[in-house]
Every structure is written in C-alpha cells, then in structure tokens.
Amino acid sequence: MRLIPIAALLLAGCTSSQPAADTGSRDGRYLGDGIQPPDAGLGDGGIKGTIGAPCTPGKGGECGGSECLDVGGGVGVCSVRGCVPEDLKTAATEDNCPALPSGVRTVCTSLTPKGSTSAASYCLPKCTPSASKNACAGLVDAKLTCDPISLLQNGWSEVCMLPACTGDAECGNRNPLNPDSKCDPTTGTCRVRGVDGVKVGSRCKTSTECGPGQFCYAEHKDASGKTIAEGGYCTVIGCSYGGPWSCPTGSACVVLGSAKAFSYCLATGCSDTAPAASDGCRDEAAPEQYKCVPQAKGSPSVCVPTLW
10 MRLIPIAALL LAGCTSSQPA ADTGSRDGRY LGDGIQPPDA GLGDGGIKGT
60 IGAPCTPGKG GECGGSECLD VGGGVGVCSV RGCVPEDLKT AATEDNCPAL
110 PSGVRTVCTS LTPKGSTSAA SYCLPKCTPS ASKNACAGLV DAKLTCDPIS
160 LLQNGWSEVC MLPACTGDAE CGNRNPLNPD SKCDPTTGTC RVRGVDGVKV
210 GSRCKTSTEC GPGQFCYAEH KDASGKTIAE GGYCTVIGCS YGGPWSCPTG
260 SACVVLGSAK AFSYCLATGC SDTAPAASDG CRDEAAPEQY KCVPQAKGSP
310 SVCVPTLW
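Start counting at 1 in the sequence shown, then tack on 9, and there's your number in this note's numbering.
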C-alpha cells in the first residue's frame, strides 16, 4: 500500500518525502492491510464502468467494464484503474474520476498491489467520516467503511476503500483472546488496540506500540538521506471528526493545509519560549527534529516534527 506523505498535505508546494508505511499485519485492517488490487487492467485505461458497487473478489462479471477490487475480508468494490491522481502541489485539477449517477464524487486513489513496487490508481467513492454511523453504507455499500486513514492514500479526501467491521474478529486479529485491533461497530472501523497510557507524541515503530486508536508515523529518510520523525511519532488521524478519532488528553487537534482536509493529534505540554534542548518536545531527539510550535491565542503549543 502506498501512503501519501503527510508533508504533501500542507499544500504549500514544498518538496516532501515518502514515509515508511506502517502496514504490517499487526495493524490489521485498520491501515488497509491485505488490499490486493487485481492485475488485469481496462485495456484502454478509459474512465468508464461501474464504480462503488459491491462485488465478490475472484467471481468476475459483476462490474461490467470495470474490475472488482479486493479490499480484504472477502469484500470487493467495483472500480476502474488508470485514473490520474490529484497533484497537491498545483492549482490545476488533475483527478479525472467521474461522479456516480447518484451525484457522489469518486477520487483517484493510489494503491500498490502486494508483490509490486509500482502503484496503480483506482477511482473510489468519496466519503466524509461520521462518528455516529458508517458513512459508506448510505453512499455505496454497507460492507465498506469511511475511515480517516484512507485520506493518506490520495492526499485530499477519504474514500470508501476499507471493509466495514461488525466485530473484533473482522479486524485482522491473530489472537481473539488478545486482539491487536478492536472494532467500532458504529462507524464500522477497526481501531488499533494499542497500549494503555501511551501518549500522543511517543516514540514508535508500529501503531500497536502507540495508545488505543493511534497511528505510528514511522521514522524514515527523505530523498537526501535526512532522517524524518526520528524515533517515530504516535498520533491520531482524523481528529476533526471527533468521536472515536478525538484527541486524547495531552494532545490537540491540528488541521493541515488550505483545504483543511487533513487533521491529526499533536502532543501538547511543551514550551515554545524555552530553548529547544529543554522545551519538553522530544528533547532526546537530534536538534531540529522536533519543534514546539505556538498555536492560536488561548490554545496550547504543540510538538511538531519540523520536517513534516
């Protein structure tokens, strides 16, 4: 699976890098683990055919001129391959996915099939996460869910691309007595069980090392070899939607970019007036890796990896 770099979501035209995607099996379906797009293309790559309709992976013939995209758990969604993804660094609109007859927009979303080193682009139904329901159920299919994490696949919108859960057993758990993920049946999303007491901003290598429902933005290197997010950073994706994505105590919800499309939790409790070596913002990290940044008047300062 290919994740859009968080830095790209700033929409500032700056150069960004690809983070180390935290997509291991221990994170279960919460991060889209198991998505295996079929290898067959549309031939001419035209944007036509059924999009968003439910289908059975491997059955064939249910999607007309499009293909059945296997999203895991025996769930499939009809999609078309070969669309043009949106370039967040330009003012032009590159995404050429069509609207559905119902009026629902579709978004060009990049996925890297397992065993491949290159991404393929698919049109998938655009959705807006809701803390009180499964937003995909009323749009296209109750077997799909609208998870904020899906925005990381295209950079500007959540899409119906992950299978909805009704119980913990459907969240990629390897041990039902000690599951690594929990199901929120209201929204149909799988949430990493995590470790109680681990705060936003903590070091991590995988999401299971973070607190409940959190995501690990893993340490990685940019094109020049610089280390980004040294030690990893636990956060929550989609905090602007509240409910299960609300920021826990000791963190604040920050929205990125002029489009206000992406929100995540950042650790509070640091001092933006203290020297960097003792400001309480990952003081153990190398200089310039993390910075305490003031927010709007009356809001606490937040600890930000400086190269995001």
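The C-beta atom is built at its ideal place from N, Cα and C for all residues, glycine as well.
Checklist entry - In whole angstroms, what is the alpha-carbon distance linking D53 and L78? => result Residue confidence for D53 is low, a pLDDT of 30 falling below 50, so the modelled location carries little weight; the figure read from the coordinates is stated next. Between D53 and L78, the C-alpha separation is close to 18 angstroms.
Item to check | Whether V116 touches L97 by CB criterion (8 angstroms) | outcome: No, Cβ-Cβ distance for V116 and L97 is not below 8 angstroms.
Checklist entry - Whose C-beta lies closer than 7 angstroms to the C-beta of W165 among residues of the same chain, with five residues either side of it excluded? => result Sequence-distant Cβ neighbours of W165 in its own chain, meaning closer than 7 angstroms and more than five residues away, are E95, L97, A268, A270.
Next on the checklist: Assess contact between the stretch 289–301 and the stretch 167–184, defined as three or more Cβ pairs (one per stretch) separated by less than 8 angstroms. Is contact present?
Outcome noted: The stretch 289–301 is not in contact with the stretch 167–184.
Checklist entry - Does DSSP classify I237 as helix, strand or coil? => result Note: I237 maps to strand in three-state DSSP.
Checklist entry - Shortest alpha-carbon distance to C136 belongs to which of L275, S308, L171, T99? => result That would be L171, whose Cα lies nearest to the Cα of C136.
Next on the checklist: Is there a Cβ of chain C sitting closer than 8 angstroms to that of I237, yes or no?
Outcome noted: The structure shown contains no chain C; it is built from a single protein chain.
Checklist entry - CA-CA distance, S34 and A100? => result At S34 the pLDDT is 30, less than 50, meaning the model places this residue with poor confidence and gives no usable figure here.
Checklist entry - Closest to A173 by CA distance: which of D189, P138, V207, S88 is it? => result The closest CA to that of A173, considering only D189, P138, V207, S88, is found on P138.
Item to check | DSSP three-state assignment for G252, whether helix, strand or coil | outcome: Residue state, collapsed to three classes: helix.
Item to check | Local conformation of I158 per DSSP, three classes | outcome: Helix, per DSSP.
Checklist entry - Rounded to the nearest angstrom, how far is the Cβ of V89 from that of S75, given a contact under 8 angstroms? => result At roughly 5 angstroms, the Cβ-Cβ gap stays under 8 angstroms, so V89 and S75 are in contact.
Next on the checklist: Using 8 angstroms for Cβ pairs, my map puts G73 next to T59. What's the rounded Cβ distance?
Outcome noted: Right, their Cβ atoms sit about 5 angstroms apart.
Checklist entry - Can you tell me whether DSSP reads R38 as helix, strand or coil? => result Summary for R38: the model assigns pLDDT 33, below 50, so the residue's position carries little reliability; its value from the coordinates is reported in the next sentence. When secondary structure is reduced to three states using DSSP, R38 falls in the helix class.
Checklist entry - Secondary structure at E293, three-state DSSP: helix, strand or coil? => result Assigned with DSSP and collapsed to three states, E293 falls in coil, not helix or strand.
Next on the checklist: Let's test the definition: count the other Cβ atoms within 10 Å of the Cβ of S159 and tell me whether it reaches 16, buried, or not, exposed.
Outcome noted: Burial is judged here by how many other beta carbons sit within 10 angstroms of a residue's own beta carbon; S159 has at least 16 and is buried.
Item to check | Inside the stretch 95–122 only - beta strand (DSSP E) runs reaching at least 3 residues | outcome: Complete beta strand (DSSP E) runs here, min 3: 115–120.
Checklist entry - Contact check, C262 vs C279 under 8 angstroms by CB: the rounded distance? => result Not confirmed; about 16 angstroms, so no contact.
Next on the checklist: Please classify T198 as buried or exposed, where buried requires at least 16 other C-beta atoms within 10 Å of its C-beta.
Outcome noted: Buried, by the Cβ-count rule.
Next on the checklist: Let me make sure I understand the geometry here. Which of L265, Y242, G259, E239 has the alpha-carbon closest to that of S249?
Outcome noted: For S249, the nearest C-alpha among the options comes from L265.
Checklist entry - Count the other CB atoms within 10 Å of the CB of D205; is the residue buried (16 or more) or exposed (fewer)? => result When all chains shown are included, D205 counts as exposed.
Checklist entry - Quick one: is A129 buried, meaning 16 or more other Cβ sit within 10 Å of its Cβ, or exposed? => result The Cβ neighbour count for A129, taken over all protein chains shown within 10 Å, is at least 16; the residue is labelled buried.
Checklist entry - Going straight from the alpha carbon of A294 to that of E228, what length do you get? => result So the alpha carbons of these two residues sit roughly 12 angstroms apart.
Item to check | Residue span of the beta strand (DSSP E) that contains C199, given as start and end | outcome: Where C199 is concerned, the enclosing beta strand (DSSP E) stretches over 198–201.
Checklist entry - So, are the CB atoms of R212 and G241 less than 8 angstroms apart? => result The criterion of a C-beta distance shorter than 8 angstroms is satisfied by R212 and G241.
Checklist entry - In this structure, does DSSP put D177 in helix, strand or coil? => result Look at D177 here: in three-state DSSP terms it is helix.
Checklist entry - Comparing alpha-carbon positions, which option in P157, A62, P314 lies nearest I246? => result Looking at the Cα atoms, P157 is the closest of the given residues.
Checklist entry - Nearest to T277 by CA position, among C243, G252, G251, is which residue? => result For T277, the nearest C-alpha among the options comes from C243.
Item to check | Closest by C-alpha distance to T195, when choosing among V209, G61, S141 | outcome: Looking at the Cα atoms, S141 is the closest of the given residues.
Item to check | Coarse secondary structure for A140, derived from DSSP in three states | outcome: Three-state result, A140: coil.
Item to check | Reduced DSSP category for S211 - H, G, I as helix; E, B as strand; rest coil | outcome: DSSP places S211 in coil when its eight states are reduced to three.
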